[in-house]
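In the UniProt record's numbering, the protein residues as written are 1 to 103.
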């Protein structure tokens, strides 16, 4: 069974990702939908199994992008950050981008 996080947790993570990490959203979306010409992306949701983004293509079309959490299913709020950071690192690896240091 997939764990669904409470609305306030989801809203907080999405606000943070879309407000402070727009470039990371773009990088993750490009890495997990590699054959697409993605020009922007926003994180639109997540659950215990992974994250979801809506990507805007150069053509104007939208593409839903999903990525499973690298460590497998999660169930606790603190694990969300860890897994998004891991997705970012994996995106950097896939796209041959040097990742920035993590705090």
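No residue lacks a Cβ here, since even glycine has one placed at the ideal position from N, Cα and C. As the structure is a computational prediction, the values presented were derived from the model and not from experiment.
Given a cut-off of 8 Å on the beta-carbon distance, is the pair residue i and residue j in contact?
{"i": "residue 91", "j": "residue 14", "result": "no"}
{"i": "residue 86", "j": "residue 101", "result": "no"}
{"i": "residue 56", "j": "residue 36", "result": "no"}
{"i": "residue 94", "j": "residue 31", "result": "yes"}
Starting from residue i, follow the beta strand (DSSP E) in both directions and report where the run begins and ends.
{"i": "residue 1", "result": "Premise fails: residue 1 is in no beta strand (DSSP E) and is neither H nor E."}
{"i": "residue 52", "result": "50-57"}
Note down the Cα distance separating residue i from residue j, rounded to an integer number of angstroms.
{"i": "residue 97", "j": "residue 78", "result": "26 Å"}
{"i": "residue 84", "j": "residue 74", "result": "12 Å"}
{"i": "residue 16", "j": "residue 59", "result": "27 Å"}
Please report the residue range of the alpha helix (DSSP H) in which residue i lies.
{"i": "residue 77", "result": "77-95"}
Within its chain, find whatever has a CB closer than 8 Å to the CB of residue i; leave out the 5 residues flanking it on each side and keep chain order.
{"i": "residue 9", "result": "77 and 80"}
Once the 5 residues before and after residue i are set aside, which same chain residues still bring their CB inside 7 Å of it?
{"i": "residue 50", "result": "66, 67, 68 and 69"}
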